[in-house]
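Student: Line order of the protein sequences matches chains A and B. Using the UniProt record's numbering, the letters of the first sequence map in sequence onto residues 1 to 350. Using the UniProt record's numbering, the letters of the second sequence map in sequence onto residues 1 to 350. What follows is a single structure, and I will ask about it in a moment.
There are 2 protein chains.
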Amino acid sequence: MESAIPSHLQTARSRHRRVPDDYAPPYPSFVARHKPAVASVIMAYFGVQFRGEPTAAATEALARIATRFAGENGPTHWDRAQYVDQAGFTNVVSVAYWDDAGRFDAWFGGAREAWTGGNAGDAVGRFIEVLRPHVARYETLFSSLGRPEGVAVLADGMSGEVQEHAYWGGMRDRIPLSQTDAMTPGGEPRVIRDGARIRVVAHDNLCLIRSGQDWSDTETSERKMYLDDVEPVLREGMDFLRDDGVPIGCYANRYMRVVDAQGRPTEKSYGQSWWKSLAALERWAESHPTHVRIFGAAMKYLSTLGPAAKLRLYHEVTVAAADEQFFEYLGCHESTGMLNAVQVAAAPAA
Amino acid sequence: MESAIPSHLQTARSRHRRVPDDYAPPYPSFVARHKPAVASVIMAYFGVQFRGEPTAAATEALARIATRFAGENGPTHWDRAQYVDQAGFTNVVSVAYWDDAGRFDAWFGGAREAWTGGNAGDAVGRFIEVLRPHVARYETLFSSLGRPEGVAVLADGMSGEVQEHAYWGGMRDRIPLSQTDAMTPGGEPRVIRDGARIRVVAHDNLCLIRSGQDWSDTETSERKMYLDDVEPVLREGMDFLRDDGVPIGCYANRYMRVVDAQGRPTEKSYGQSWWKSLAALERWAESHPTHVRIFGAAMKYLSTLGPAAKLRLYHEVTVAAADEQFFEYLGCHESTGMLNAVQVAAAPAA
């Protein structure tokens with residue numbers, strides 16, 4: 001049993017963990033371990049937004065960003081997913097990860113200019129949402145080994161069984177900064193207009209979660225259980241956050257289906273949401289009936305099946321400093337991503 | 001909105017609350033407020049144990065303790081409840097409350113002698129379980145005003161709406177000592193034999209919860225919902241703790257039905273359990289499917305019905321120092337109360 005916080009990020013505490021030192025979780029979980037030399041990571045979401053079938057402009061944009069990802073200083077890992085949002089638009093989001101800020105900075109300028117620099121007339125909305133957190137400002141969690149996802153693909157490897165999970169508050173306790181900081185949000189999101197581009201300047205300690213499930217290995221009864229019992233409850237929770245999240249601090253939620261290189265749906269999905277604070281995410285997770293049911297089902301499921309479970313669950317949660325964020329929208333509807341956190345009349349995408 | 005911790009018990013913190021200062025609970029709850037002059041309270045459980053119908057000795061014991069309660073230096077409040085335990089014995093428990101240690105001490109010597117002092121031959125098991133916590137070592141919570149129960153009957157009054165509730169960790173955050181102390185348990189329970197009497201010396205930071213429900217005011221659909229949907233789930237959780245609690249730190253659990261002055265069941269019940277630590281109670285409450293369902297149902301129920309709910313819920317939770325405890329058993333079976341926490345071959349009760 002080891003701490004989710006790697007030894008090189010352990011500091012003298014001014015804030016306690018929620019569990020005693022002899023706490024033993026009821027089932028195993030694991031976290032990604034970066035090399036100690038990694039100081040920060042970059043998580044960059046590039047979205048296109050359109051109504052109905054993909055337009056030529058959307059298809060071309062997706063091909064071009066893929067080419068850029070493969071080019072010099074491109075990300076170590078990226079994947080692509082899509083969903084239909086509350087306004088009926090399809091959003092295809094390509095998420096790319098770096099663990100070297102120098103390489104990202106060398107790459108990003110050209111990619112940004114190509115993505116949101118001057119294509120307002122091409123009838124496809126585009127957005128860029130980037131966090132570049134210090135490694136003390138995020139955590140990961142995996143229910144099993146052998147198939148890292150998201151930022152964990154960049155890691156040097158996975159931990160052994162960690163202690164800080166399977167209780168409310170584990171998410172916070174896994175973030176190294178929680179040893180000394182309450183990670184309280186500061187300020188309100190505001191808008192900067194730059195021609196047709198709209199940037200959102202959020203606030204200190206904005207929170208991002210990407211929480212995924214992979215049912216591709218499940219068979220018969222386990223697959224049926226996931227699809228019939230778990231997925232509908234998960235979808236209900238995701239829909240609630242998408243449609244009614246703002247009053248409880250969820251600025252935006254996307255329940256995404258991962259797609260393959262040909263754009264076809266895979267048997268993986270993830271929820272990705274922007275939150276006013278880690279505390280707001282904690283409160284929803286602990287008290288919203290849909291998530292309480294998901295958690296209860298997962299506790300029972302993983303405690304019972306243990307290593308025999310084929311369903312794979314993971315997440316990554318970041319609490320970003322004000323200067324670790326970048327949000328830019330071009331031609332998107334006004335409820336897109338962090339635009340949903342501010343009052344703005346944006347140009348419709350199509 | 002006020003803190004559950006009364007102002008005269010607020011201290012400079014070395015440990016943080018689990019929620020931010022701007023946390024707003026989704027429904028109201030209240031706590032008992034004692035006069036600041038009250039330094040400690042006494043919670044004294046007097047049990048008789050027998051098989052089948054009450055024996056003459058049991059009936060006489062119950063009458064005699066009631067007379068003593070009404071006598072000089074007797075408790076400010078007491079009530080009586082009963083249940084059938086895992087060994088098939090009926091246990092009738094009279095719980096008495098004082099808020100003046102001097103009065104309790106003046107009263108207790110004679111009562112103890114009469115209860116466990118020399119009646120081993122009367123074919124009824126007897127036990128005494130007493131906590132006398134400093135006021136910084138316990139908390140209460142009520143879903144509504146107007147009908148205090150348990151230790152709250154002694155209080156000067158009830159609070160306004162308090163902030164620290166409706167989230168996991170609220171129980172701990174309401175205990176004043178949590179401002180500076182993790183309340184970690186220390187040591188293992190051990191036995192002291194004193195003739196036929198068996199005393200259990202537990203350990204520092206032993207935890208007691210009395211958690212009650214009163215459905216006497218509910219009507220039609222609400223009553224049906226409580227009896228059909230909530231009570232069976234509650235019972236399942238109570239049975240789990242009674243039968244399988246020890247490995248997770250629950251030494252003993254009693255799911256009690258409150259009885260009236262004639263010994264007839266009322267429409268009130270409570271669970272009373274002894275725990276190795278507050279942390280163990282927290283983990284069960286948060287992760288056991290039965291309690292997670294209870295909590296989820298209560299959240300939804302109270303958030304929806306609000307003040308219209310007629311079901312009354314309350315609890316009191318104490319984390320007692322080693323010198324604030326007293327456990328004594330005479331003629332009880334070996335799984336009675338805190339005897340269940342130690343290995344002891346006790347004389348059967350009948």
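Ideal Cβ positions, reconstructed from N, Cα and C, are used throughout, including at glycine. These numbers were taken from a predicted model, which means no experiment stands behind them.
1) Of the residues B/58, B/81, B/139 and B/108, which one's Cα is nearest the Cα of residue 122 of chain B?
2) Examine chain A for any beta-carbon lying closer than 8 Å to the beta-carbon of residue 178 of chain B, and answer yes or no.
3) Would the segment 270-278 of chain B and the segment 244-253 of chain B be scored as touching if the rule is three or more Cβ pairs under 8 Å?
4) Using 8 Å as the limit for Cβ to Cβ distance, is residue 286 of chain A near chain B?
5) List, in chain order, every chain A residue whose beta-carbon is nearer than 8 Å to that of residue 298 of chain B.
6) Which of helix, strand or coil does DSSP assign to residue 224 of chain B?
7) Please state whether the Cβ-Cβ distance between residue 34 of chain B and residue 99 of chain B is less than 8 Å.
8) Quick check: is the beta carbon of residue 184 of chain A nearer than 8 Å to any beta carbon in chain B?
9) DSSP three-state call for residue 243 of chain A: helix, strand or coil?
10) Check whether the Cβ of residue 279 of chain A lies closer than 8 Å to any Cβ atom in chain B.
11) Three Cβ pairs or more, each shorter than 8 Å: is that satisfied between the segment 133-150 of chain B and the segment 302-322 of chain B?
12) What residue does the alpha helix (DSSP H) around residue 67 of chain A start on, and which one ends it?
13) Hey, residue 136 of chain B and residue 281 of chain B are a contact pair by Cβ (cut 8 Å); roughly how many whole angstroms apart?
14) Taking the continuous beta strand (DSSP E) assigned at residue 42 of chain A, which residues delimit it?
15) Chain A partners of residue 26 of chain B, CB-CB under 8 Å?
16) What does a CB cutoff of less than 6 Å around residue 132 of chain A pick up in its chain, not counting 5 residues either side in sequence?
17) Where do the N-terminal and C-terminal ends of the alpha helix (DSSP H) with residue 299 of chain A fall, by residue?
18) Do residue 283 of chain A and residue 255 of chain A have their C-beta atoms closer together than 8 Å?
19) Please look up how many angstroms separate the CB atoms of residue 259 of chain B and residue 81 of chain B, rounded, as I've assumed it's under 8 Å.
20) Using a beta-carbon distance cut-off of less than 8 Å, what residues from the segment 145-167 of chain B approach chain A?
21) Could you tell me whether the Cβ of residue 34 of chain B comes closer than 8 Å to any Cβ of chain A?
22) If we define contact as Cβ-Cβ less than 8 Å, is residue 348 of chain A a contact residue for chain B?
23) Considering Cα atoms alone, identify which of A/232, A/189, A/37 and A/73 is closest to residue 155 of chain A.
24) I'd like the span of the alpha helix (DSSP H) that includes residue 106 of chain B, first residue to last.
25) Taking only three categories from DSSP, how would you classify residue 155 of chain A?
26) Can you confirm whether residue 203 of chain B, when its beta carbon is compared against all beta carbons of chain A, has any partner nearer than 8 Å?
27) If we ignore side chains and look at the alpha-carbon of each, how far apart do residue 266 of chain A and residue 215 of chain A end up?
28) Do you know whose CA, among B/127, B/205 and B/231, lies nearest residue 112 of chain B's CA?
29) Helix, strand or coil: how does DSSP classify residue 172 of chain B here?
30) Answer yes or no: does any C-beta atom of chain A fall closer than 8 Å to that of residue 247 of chain B?
31) Relative to chain A, which residues along the UniProt region "Disordered" (1-20) of chain B have a C-beta separation below 8 Å, given in chain order?
32) Are there three or more Cβ pairs, one per stretch, closer than 8 Å when the segment 41-55 of chain A is compared with the segment 80-96 of chain A?
33) For the beta strand (DSSP E) holding residue 265 of chain B, just list the boundary residues, first then last.
34) Consider the Cβ of residue 169 of chain B: report whether some Cβ of chain A lies at a distance smaller than 8 Å.
35) Between residue 283 of chain A and chain B, is any beta-carbon pair separated by less than 8 Å?
36) Residue 293 of chain A touches chain B at which residues, Cβ-Cβ below 8 Å?
Tutor: Taking the geometry as given:
1) B/58
2) no
3) yes
4) yes
5) Within 8 Å Cβ-Cβ: nothing; residue 298 of chain B doesn't reach chain A, min ~11 Å.
6) Per DSSP, reduced to three states, the secondary structure at residue 224 of chain B is helical.
7) Between residue 34 of chain B and residue 99 of chain B, the C-beta spacing is below 8 Å.
8) By this cut-off, residue 184 of chain A is an interface position.
9) helix
10) Residue 279 of chain A belongs to the set of residues whose beta carbon lies under 8 Å from a beta carbon in chain B.
11) yes
12) 56-70
13) Not confirmed; about 18 Å, so no contact.
14) 42-51
15) 287
16) 40, 42 and 324
17) 289-305
18) no
19) 6 Å
20) 166 and 167
21) no
22) Annotation note: pLDDT 49 at residue 348 of chain A (below 50); position unreliable, no value reported.
23) For residue 155 of chain A, the nearest C-alpha among the options comes from A/37.
24) 101-116
25) Coil.
26) no
27) 9 Å
28) B/127
29) Of the three classes helix, strand and coil, the one that applies to residue 172 of chain B here is helix, per DSSP.
30) no
31) If you check each beta-carbon in the UniProt region "Disordered" (1-20) of chain B against every beta-carbon of chain A, the ones closer than 8 Å belong to 15, 16, 18, 19 and 20.
32) yes
33) According to the DSSP assignment, residue 265 of chain B belongs to the beta strand (DSSP E) that extends over 265-275.
34) yes
35) For residue 283 of chain A, the closest Cβ of chain B is nearer than 8 Å.
36) 296
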